[in-house]
Amino acid sequence: MIGRLRGTLLDKQPPELLIDVQGVGYEVQAPMTTFYDLPATGSEVLLHTHLVVREDAHTLYGFSRLADRALFRALIKVNGVGARMALAILSGMDATAFVHCVQDKDIAALVRLPGVGRKTAERLIVEMGDRLADWQPAGVASVAGARTPVEVRSNPVEEAAGALIALGYKPPEASRMVRTIDAKDLGAEDIIRLALQATVK
């Protein structure tokens with residue numbers, strides 16, 4: 001099991017990162033809550049990781065906070081919730097917000113996340129309730145590094161829409177989400193952040 005990576009951040013295109021660790025490039029899937037914490041490319045980054053092994057692929061998931069990885073591991077144990085949905089949940093809200101949704105039985109907020117229908121939301125509340133009873137994510141520090149201004153790419157709106165599709169949103173919905181954002185002078189990561197925040201209001 002690969003539990004942690006420390007290396008140079010070579011590329012970041014949501015939801016994928018490329019990290020060079022002593023000459024080996026690791027492709028890592030990460031939620032947007034981790035992307036918001038990342039330093040600029042070329043900087044050192046440290047991520048807590050979880051390796052998912054299937055017959056057709058070995059996929060590495062990375063998180064800037066131990067609390068996010070712990071929640072990811074708890075989520076993928078829920079019946080009907082795979083790694084992709086867990087990543088989408090952690091992109092739509094951070095660990096603390098998710099815990100509050102479960103504790104408050106806020107089904108309406110959960111069904112606004114991509115791929116989460118009412119039955120899945122109800123299952124999350126039931127199965128995660130006991131596991132999160134003593135949850136204390138506060139105080140777990142980020143280890144990815146301080147946030148730095150995001151590079152503005154050639155078309156950050158299209159890049160943001162593509163990332164939302166990769167997170168599980170349907171193309172028309174992703175396009176609608178990014179169109180509602182005033183994207184002037186914003187990078188793709190900021191557009192994604194604002195679009196996701198708008199879905200849970």
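Every letter in the sequence shown is one number past the one before it in the numbering used here, and letter 168, counting from 1, is 168. Glycine included, each C-beta is placed from N, C-alpha and C at the ideal position. Quantities reported herein were computed from a predicted structural model and do not represent experimental measurements.
G7 and V28: beta carbons closer than 8 Å? Sequence index remark: in the sequence shown, residue 7 carries index 7 (1-based). Sequence index remark: in the sequence shown, residue 28 carries index 28 (1-based). No. Outside cutoff.
CB of H50 within 8 Å of CB of R69, strictly: Mapped onto the sequence shown, residue 50 falls at position 50. Mapped onto the sequence shown, residue 69 falls at position 69. A contact, by the Cβ cut-off of 8 Å.
Inter-residue Cα distance where the pair is T41 and R176: On the sequence shown, position 41 is the one that residue 41 refers to. On the sequence shown, position 176 is the one that residue 176 refers to. Between T41 and R176, the C-alpha separation is close to 29 Å.
Would you list the one or two residues that DSSP bridges to V21? Locating residue 21 in the sequence shown gives position 21, counting from the first residue. V21 is bridged to V24.
Is it buried or exposed for A141, if we count other Cβ within 10 angstroms and need 16 for buried? Working through the sequence shown from its first residue, we reach residue 141 at position 141. Legend: pLDDT at A141 = 37, less than 50; position of this residue unreliable, no value from coordinates given.
CA-to-CA distance, A188 to V150, given in whole angstroms: To locate residue 150, count along the sequence shown from 1; it is residue 150. To locate residue 188, count along the sequence shown from 1; it is residue 188. Per-residue confidence for V150 stands at a pLDDT of 31, beneath the threshold of 50, marking its modelled position as unreliable; the derived number appears in the next sentence. Taking the straight line from one Cα to the other gives about 8 Å.
Provide the residue span of the beta strand (DSSP E) that contains T33, from first to last. Against the sequence shown, residue 33 aligns to sequence position 33. Premise fails: T33 lies in the alpha helix (DSSP H), 32-35, not in any beta strand (DSSP E).
What do you reckon, are the CB atoms on V102 and G129 nearer than 8 Å? Reading the sequence shown from its first residue, position 102 is the one you call residue 102. Reading the sequence shown from its first residue, position 129 is the one you call residue 129. The answer is yes: Cβ separation under 8 Å.
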